[in-house]
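For reference, the structure discussed in these notes is given below.
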Amino acid sequence: MNENTGTTRREDVWTAAVVQYGIVLSSIVGVAGAQRYLLSRCIPLRVVERVLCAPIDSRRTPTRAKMQTE
27 MNENTGTTRR EDVWTAAVVQ YGIVLSSIVG VAGAQRYLLS RCIPLRVVER
77 VLCAPIDSRR TPTRAKMQTE
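Going by this note's numbering, the sequence shown opens with residue 27, and the numbers climb by one from there.
The following block contains the structure:
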């Protein structure tokens, strides 16, 4: 864990890159297409469900919450 920012660096860079591509792909071809892509790359189903079913904002940390505009 990085003591200054409180973030953890990922050990498995390949999996992180595939998951990130799957998230981007979901906005292009939809969730079903992104799910098929991630499962074909041997990403565990629990990870696929977590990243594709949850809205982006719910995965952000509270310190990155959006500021309200008037």
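Beta carbons: idealized from backbone N, C-alpha and C, even for Gly.
Determine the DSSP secondary structure at residue i, reduced to helix, strand or coil.
i          : result
residue 11 : Residue 11 cannot be examined here, being either before or after the span of the chain that is shown, 27 to 96.
residue 62 : helix
residue 48 : helix
Give me, in chain order, the residues of the same chain whose beta-carbon lies closer than 6 Å to that of residue i; leave out the 5 immediate sequence neighbours on both sides.
i          : result
residue 48 : 60, 63, 64
residue 76 : none
Express the C-alpha separation of residue j and residue i in angstroms, rounding to a whole number.
i          : j          : result
residue 58 : residue 52 : 8 Å
residue 67 : residue 41 : 9 Å
Is there at least one non-hydrogen atom of the ligand NAD closer than 7 Å to the beta-carbon of residue i?
i          : result
residue 78 : No copy of the ligand NAD occurs in the structure displayed, which carries no ligand at all.
Whose C-beta lies closer than 7 Å to the C-beta of residue i among residues of the same chain, with five residues either side of it excluded?
i           : result
residue 79  : none
residue 104 : Limits of the chain in this structure are 27 at one end and 96 at the other, which puts residue 104 out of reach.
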